[in-house]
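K.L.:
Here you go, one structure.
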Amino acid sequence: MLKKLFQSFRPPVHAQHHRRTTPEVINKSQHSLQRSQFSRHAVGIVERLQSAGYQAYLVGGCVRDMLLGIAPKDFDVATSATPEQVRAEFRNARIIGRRFKLVHIQFGREIIEVATFRAPHSDEDQDDKHRSSHHANGRILRDNVYGTLEEDAQRRDFTINALYYDPVSERILDYANGVHDIRNRLLRLIGDPTHRYQEDPVRMLRAVRFAAKLDFGIEKHTVAPIRELAPLLREIPPARLFEESLKLFLSGQGAMVFEMLVDLELFAPLFPASAQALEDRPTYTYTLISQALNNTDLRIKQGKPVTPAFLFAALLWPALPARVLHLQNQGVPPIPAMNGAAHELIAEQCQRVAVPKRFTLPIREIWDMQERLPRRSGKRADQLLDNPRFRAGYDFLLLRESAGEQTDDLGQWWTDYQEAHDGERREMIRDLGSRDDGAAPRKRKRTSSKRKRGGDEVFD
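All the letters of the sequence shown, read from the start, carry residue numbers 1 to 460 under UniProt numbering.
Listed below in structure tokens is the structure:
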């Protein structure tokens with residue numbers, strides 16, 4: 001599958017090296033788009049800006065997705081008007097961002113993003129830190145240098161995102177042979193790939209996301225520098241990487257994204273501890289994370305809700321056992337070892353991908369449930385069933401078992417217990433024996449010394 005995605009397709013010489021100053025104009029009769037397919041609010045913004053004397057187009061993903069027969073998630077507008085000029089035209093507009101100024105125009109729940117045409121950075125622009133700023137390694141820190149439509153097209157990342165649709169004339173302007181690449185299902189960066197990745201390393205993640213989402217191949221020059229430049233992701237703000245991680249893993253193609261990230265060595269800069277676990281226990285780690293992502297992909301396709309907390313709990317779990325055992329070997333009791341290792345792991349992860357507290361707390365609760373589920377005697381089983389995190393903890397237990405963890409058929413016991421009526425549940429509890437932990441049926445002659453300490457040991 002990955003060979004299919006990393007194609008050796010070589011586009012025509014003019015498509016690779018020639019920067020167009022005039023676009024290929026694709027008239028209404030030559031494409032399938034209709035203005036009625038687009039958000040009426042976005043179309044209205046374009047019309048109003050054009051009436052005020054500015055250039056304005058629908059641009060990027062909404063045009064690309066429409067050409068592919070995909071319903072766009074949002075609609076973006078590009079214009080020659082500055083953010084301040086856009087805000088002056090729309091009372092429901094507000095300027096956002098410092099690194100990259102944008103305007104959000106709100107219509108009820110729908111927000112249309114309006115961006116001013118950008119231009120390449122000159123030495124003169126570099127002297128004005130409010131407009132342009134670069135890191136020593138070439139990464140763009142601030143990008144408020146405005147330019148022409150032609151310059152804006154060359155500043156965009158991929159050819160398939162450099163398409164401009166005018167809903168008034170119903171023409172497409174194509175500056176980078178993007179329509180050609182859409183027809184060939186090919187993802188290709190505009191300009192020199194190494195330089196473009198150095199400008200913004202997140203483009204490497206976007207390449208993976210688009211290739212997986214659209215089932216496109218990645219052109220060989222576009223994919224070639226990624227492994228070497230992957231460490232640049234460590235310099236990206238953790239909060240931005242969290243947002244990018246959500247886009248990657250909640251795209252509906254998360255399992256394929258994971259496979260591509262590992263292959264292109266992009267997974268380690270995002271999840272260093274999990275990447276180490278992938279080296280130490282490759283089969284278990286790969287199976288557990290892939291299964292979690294396959295389950296997530298299926299839920300998304302079925303229109304069911306998904307929670308980032310469960311997903312991040314699965315992504316990080318393979319790195320947890322070794323840390324717990326390390327603390328236990330230093331004499332820390334099992335439960336404090338579990339808590340300490342979990343705290344340490346999440347704190348380290350947030351240095352790379354800033355997972356918000358609203359998700360780290362449920363992650364800890366899901367993990368904590370793994371320690372509590374083996375202890376079922378007395379009233380504990382019913383109390384666990386009433387716990388709001390029971391379902392997530394139970395599902396996570398089944399995930400661990402599907403990856404090959406041995407739990408003494410604990411998942412099946414809980415499955416049966418949920419389906420049993422009250423009398424059957426009491427019998428199941430009695431069958432566990434008189435031990436406080438309730439971790440094994442009475443018929444078992446021996447249990448490990450770890451289990452005899454009260455069922456606190458999670459990792460046998």
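Idealized CB from N, CA, C, for every residue including glycine. Bear in mind that the values here come from a model prediction, so they are computed numbers and not experimental data.
Could you check how far apart the C-beta atoms of Phe-210 and Leu-187 are, in whole angstroms? I think they sit under 8 Å.
P.N.:
6 Å
K.L.:
Return yes when the Cβ of Ile-190 is within less than 9 Å of the Cβ of Ala-153, no when it is not.
P.N.:
A contact, by the Cβ cut-off of 9 Å.
K.L.:
Which class does His-195 belong to by DSSP, given the choice of helix, strand or coil?
P.N.:
The answer is helix: DSSP assigns His-195 an H, G or I state.
K.L.:
Would you list, in sequence order, the uninterrupted alpha helix (DSSP H) runs of no fewer than 4 residues that lie entirely inside the UniProt domain "Poly A polymerase head" (56–188)?
P.N.:
61–67, 83–89, 123–126, 149–155 and 178–183
K.L.:
Measuring straight from C-alpha to C-alpha, what distance separates Ile-140 and Leu-410?
P.N.:
Low confidence applies to Ile-140: its pLDDT is 42, below 50, so where it sits in the model is not reliable, and the reading given next is rough at best. Each residue's Cα considered, the two are about 52 Å apart.
K.L.:
Which residue comes first and which comes last in the beta strand (DSSP E) that contains Ile-26?
P.N.:
24–26
K.L.:
Can you tell me where the alpha helix (DSSP H) with Phe-258 in it begins and where it stops?
P.N.:
254–263
K.L.:
Quick one: complete beta strand (DSSP E) runs, 3+ long, within the stretch 372–398?
P.N.:
none
K.L.:
How many whole angstroms separate the CB atoms of Thr-285 and Leu-278, which I take to be in contact at a CB cut-off of 8 Å?
P.N.:
5 Å
K.L.:
What residue from Gly-254, Arg-376, Ile-45 and Ile-226 has the CA that sits closest to Tyr-197's CA?
P.N.:
Ile-226
K.L.:
If you draw a straight line from the alpha carbon of Gln-253 to that of Glu-219, how long is it in whole angstroms?
P.N.:
20 Å
K.L.:
For Arg-156, I'd like the list of residues in its chain whose CB is within less than 7 Å of its CB, leaving aside the five on either flank, ordered along the chain.
P.N.:
Ala-162 and Ile-190
K.L.:
Nearest CA to the CA of Tyr-175: which residue from Glu-151, Ala-273 and Lys-213?
P.N.:
Glu-151
K.L.:
Determine the contact status of Ala-314 and Ile-289, defining contact as a CB-CB distance below 9 Å.
P.N.:
yes
K.L.:
What span of residues does the alpha helix (DSSP H) with Lys-301 cover, start to end?
P.N.:
282–301
K.L.:
For Glu-365, which three-state DSSP category applies?
P.N.:
helix
K.L.:
Near Gln-37, which residues of its chain fall below 8 Å by C-beta distance, leaving aside the five closest residues on each side in sequence?
P.N.:
Met-66
K.L.:
With a threshold of 9 Å between beta-carbons, can Ala-314 be considered close to chain D, or not?
P.N.:
The chain inventory of the structure shown lacks chain D, comprising one protein chain alone.
K.L.:
Compute the distance between the beta-carbons of Glu-365 and Arg-400, then report whether it is under 9 Å.
P.N.:
no
K.L.:
Among Asp-422, Val-202 and Val-262, which has the Cα closest to the Cα of Glu-235?
P.N.:
Comparing alpha carbon positions, the residue from Asp-422, Val-202 and Val-262 closest to Glu-235 is Val-202.
K.L.:
So the alpha helix (DSSP H) Asp-215 belongs to, where does it begin and stop?
P.N.:
First-last for Asp-215: undefined, no H or E at that position.
K.L.:
Have a look at Glu-47, Ser-32, Asp-200 and Asp-166 and flag the residue whose alpha-carbon is nearest the alpha-carbon of Arg-99.
P.N.:
Asp-200
K.L.:
Kindly indicate which three-state DSSP category Phe-210 falls into: helix, strand or coil?
P.N.:
helix
K.L.:
For Gln-112 and Val-59, which I take to be in contact (beta-carbon distance under 8 Å), what is that distance rounded to the nearest angstrom?
P.N.:
Note on identity: in this sequence residue 112 is Ile, with Gln being the wrong assignment. Approximately 12 Å separates the beta-carbon atoms of Ile-112 and Val-59; this is outside 8 Å, ruling out the contact.
K.L.:
In its own chain, which residues sit with a C-beta less than 7 Å from the C-beta of Ser-402, not counting the 5 before and 5 after it?
P.N.:
Gln-291
K.L.:
If you follow the alpha helix (DSSP H) that Ile-335 is in, where does it begin and where does it stop?
P.N.:
In this chain, the alpha helix (DSSP H) harbouring Ile-335 covers 334–350.
K.L.:
Report, in whole angstroms, the separation of the C-beta atoms of Ile-95 and Arg-87, which I expect to be a contact under 8 Å.
P.N.:
6 Å
K.L.:
Output the distance between the C-alpha atoms of Cys-350 and Trp-367, rounded to the nearest integer angstrom.
P.N.:
17 Å
K.L.:
Would you kindly check if the distance between the Cβ of Val-257 and the Cβ of Pro-308 is under 9 Å?
P.N.:
Result no, Cβ atoms of Pro-308 and Val-257 do not sit closer than 9 Å.
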